[in-house]
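Structure, as structure tokens:
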Amino acid sequence: MARKTKAEAALTRDRIVTCARQVFSRAGVTNTSLEQVAKEAGVTRGAVYWHFRNKADLFMAVRLDAGSLLRLSPEKGVDPLRRLERFLLEAIRSLRDDDKVRETYEVMLWRCEYVGEFSTVRDDLMSAGGNFIEEVTQLYAEAKAAGLTDPRLDPELASVETFCLYAGILKAWLAAPADGLMRRKVEAMIRQHVALRHVSAGVGLTPSAGARKKKA
0 MARKTKAEAA LTRDRIVTCA RQVFSRAGVT NTSLEQVAKE AGVTRGAVYW
50 HFRNKADLFM AVRLDAGSLL RLSPEKGVDP LRRLERFLLE AIRSLRDDDK
100 VRETYEVMLW RCEYVGEFST VRDDLMSAGG NFIEEVTQLY AEAKAAGLTD
150 PRLDPELASV ETFCLYAGIL KAWLAAPADG LMRRKVEAMI RQHVALRHVS
200 AGVGLTPSAG ARKKKA
């Protein structure tokens, strides 16, 4: 048999990744074997192992193929709070409009158990979450420095809150019915979350020491 060219090998790898995502989405990662992925892709089990060390390695390829919903795009000269709002809204629209993104995040958030060989995958996902928190912390710090937020805002604490809200939104949105409240209200909820960071809102902040003493 003639040796495959690099282009042919790349096409085979892409087909394996696409079929793995589809099988993972239907059956769950735990219940899917590499033999099933090979059958779905129309290749041998050996072909799968040629490109991927194990199922965890294949899972990571599926994840990377769809891109990350935790990486902010670089923008210059944009209101940092507006940039955050735009990013969160675009992420939700990607879930809604892109089958690859939606299937991938369904697998990641609902159809995978992060134990055994997948514990390293969990660590990688949490690392991505940490990077998201760092980026959003910087946005909140820029907004605070520009006088766009209440001076009491703690940028790091605010970014952790935003991350927890965002992670919950992704998981709940994927599980919600198409005409359910979550999907109908998600964009308004994101806008409200960011709007409450503005200096004019003053909501959800720790009272100053003087205010606490007066209240006591």
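Counting along the sequence shown from 1, when you hit position 71 you're at 70 in numbering that gives the first Met the number 0, and nothing is skipped either side. Where is the CB? At the ideal position from N, CA and C, for every residue including glycine.
Integer Cβ distance of residue i from residue j, believed to fall under 8 Å
i	j	result
E102	Q21	7 Å
M107	R62	6 Å
F23	R110	6 Å
A46	A37	7 Å
N130	L68	Actually they do not touch by this definition, with Cβ atoms about 12 Å apart.
Cutoff 6 Å; reference residue i; Cβ partners in own chain excluding five residues on either side
i	result
E112	T29
T161	V135
A55	E116, F117, V120
L71	F86, E134
R14	A40
A175	M181, R182
Whether residue i touches residue j by CB criterion (8 Å)
i	j	result
L80	H192	no
I189	L88	yes
F51	A60	yes
K99	A65	yes
V42	T4	no
I91	E186	yes
L57	A19	yes
For residue i, three-class secondary structure by DSSP
i	result
T148	strand
R52	coil
E186	helix
P176	coil
G167	helix
E89	helix
T17	helix
N30	coil
Y113	coil
G66	coil
D98	helix
Other residues of its chain near residue i: CB distance less than 7 Å, five sequence neighbours each side excluded
i	result
S158	I132, V135, T136, Y139
W266	Only positions 0 to 215 of the chain appear in the structure, and residue 266 is not among them; the question remains open.
E155	T136
V16	A60, V61, D64
R44	L33, E34, A37
Residue i - partner residues in DSSP beta bridges
i	result
H197	T148
Cutoff 8 Å; reference residue i; Cβ partners in own chain excluding five residues on either side
i	result
A171	M181
Short CB-CB distance (under 8 Å) between residue i and chain E
i	result
T148	Here there is only one protein chain, and chain E is not present.
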